[in-house]
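S.K.: First residue of the sequence shown? That's 35 in the working numbering, and the numbers climb one at a time after it.
Note that CB positions come from ideal geometry on N, CA and C, so glycine has one too.
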Amino acid sequence: MRIRCFSRAGAVVGVFGREGEGPGEFSGPPGLVRGPDGTVGAISEDRLTIFDPTGVMVSETKLPIAYLQPSRTFGKTIHGQHFGGAAEVTPVEMDVATGEVLWERPGLDSEVNTECNGVALGVASPTGGWTFPACQRELVFFRHRDDPTPTIIIPSHYAEEFPNERDIAEIENRNSRSAFRLDVETYRRTPKRNHLRYRSLTYDDHGRLWVATERDRALSSYLDLYVGTEYVGSVRIRDRLIGYDLYRSTFVALVEREPDAAGIAWRAADWYDIERLDIN
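#1: Look at W315 and L280 and say whether their C-beta atoms are less than 9 Å apart.
#2: May I ask which residues mark the beginning and end of the beta strand (DSSP E) holding E219?
#3: Quick one: is D143 buried, meaning 16 or more other Cβ sit within 10 Å of its Cβ, or exposed?
#4: Could you tell me the distance, in whole angstroms, from the CA atom of E292 to the CA atom of I276?
#5: Would you identify the three-state DSSP class for P70, choosing helix, strand or coil?
#6: Could you say if the segment 67-74 and the segment 116-129 meet the contact criterion of at least three C-beta pairs nearer than 8 Å?
#7: Would you check whether the ligand MG has a heavy atom nearer than 8 Å to the C-beta of G241?
#8: How is D307 classed by DSSP in three states: helix, strand or coil?
#9: Please classify G262 as buried or exposed, where buried requires at least 16 neighbouring CB atoms within 10 angstroms.
#10: Whole angstroms is fine: what's the gap from R38's alpha carbon to F285's?
#11: Among L66, V67, I77 and V174, which residue has its Cα nearest to the Cα of E55?
#12: Between L311, A295, L230 and D129, which has its C-alpha nearest G267's C-alpha?
#13: List in chain order: all unbroken beta strand (DSSP E) runs of 3+ residues lying wholly within the segment 203-274.
#14: Assess, as a yes-or-no matter, whether the segment 226-240 is touched by the segment 165-173 under the definition of 3 or more beta carbon pairs within less than 8 Å.
#15: According to DSSP, which residues form a beta bridge with T185?
#16: Pairing CB atoms from the segment 123-139 with CB atoms from the segment 88-101, are three or more of them under 8 Å?
#17: If contact is defined by three or more beta carbon pairs under 8 Å, each pair taking one atom from either stretch, is the segment 248-259 in contact with the segment 205-222?
#18: Please report how far the alpha carbon of G141 lies from the alpha carbon of P125, in whole angstroms.
#19: In chain order, what residues of the same chain have a beta carbon less than 7 Å from the beta carbon of R42, not counting five sequence neighbours either side?
#20: Near A299, which residues of its chain fall below 8 Å by C-beta distance, leaving aside the five closest residues on each side in sequence?
#21: Compute the Euclidean distance between the alpha carbons of R177 and P87, then round it to the nearest angstrom.
#22: In whole angstroms, give me the CA-to-CA distance for R2 and F196.
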């Protein structure tokens, strides 16, 4: 169990950690976060391990919360979410050096009036708030993280879309590897949710919210952009989006290519320069 970092050209830049229970080791696939000065943070169970760009371990902190779903970046603190009682999403901020919980908001599901009475994994906003996707089509905006009442919107351009053949193939493949199986025929008849299931939201350096959607994802994928709570446009990229990251003017998409003659959809990382993206 190791982390391998590659350059755009595919050259290995660094190799971090290994499987195990000791310092700098992981008991399972870790969650990765970007840190200052090129550092990489790896969260495995209840530990945050920080490596420098060459793969040398810088520090390790025991966290009071196991299986934190981290934000994409960290500095002196790290934001993330964990699942509290009844699988409720609980956002949290912790001190990176000590692991101390600096802020936490349990019971969030009982405070939001969404169509399914809950929210999915969200993201801290650069202005001190939090934003969450919810249910099939909603976005939940807390202007400040302690505000009692959020703004909840349904995107004006949202339209029901049913699973395509690549969506169904993904579920069938997941069913073959998991004890928790989804009924394929029920899935086929159910409209897709608007957002990707995992880490669909992020903010860029201009304060714009990016939302990775389930729209199409056959030959193309779409990300919606918001300024505040206002939808301002969409970006289309090629192939089936699996995950993405934003760093300054660079957008990186992890995608699956169109299946080849053997039915294999190879994965790749596509790099985009978004410096001149004129959506505001």
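M.R.: Taking the structure as given:
#1: Outside the modelled stretch of the chain, which goes from 35 to 314, sits residue 315, for which no answer is possible.
#2: Careful: E219 lies outside any beta strand (DSSP E), inside the alpha helix (DSSP H) at V218 to R222.
#3: buried
#4: 13 Å
#5: Three-state DSSP puts P70 in a helix.
#6: no
#7: With respect to the ligand MG, the structure offers nothing, as it holds no ligand at all.
#8: strand
#9: Exposed is the call here.
#10: The alpha-carbon atoms of R38 and F285 are separated by roughly 20 Å.
#11: I77
#12: L311
#13: Secondary structure remark: continuous beta strand (DSSP E) runs of at least 3 residues inside the segment 203-274, in chain order: 235-237, 243-250, 254-261 and 264-272.
#14: yes
#15: Residue pairing for T185: DSSP places it in a beta bridge opposite F175.
#16: By the Cβ rule, the segment 123-139 counts as touching the segment 88-101, because three or more pairs are nearer than 8 Å.
#17: No, because fewer than three Cβ pairs between the segment 205-222 and the segment 248-259 fall closer than 8 Å, the two stretches do not touch.
#18: 10 Å
#19: W305
#20: R200, R274, E290, R291, E292 and P293
#21: 35 Å
#22: Any property of residue 2 remains undetermined from this structure, which presents the chain solely from 35 to 314.
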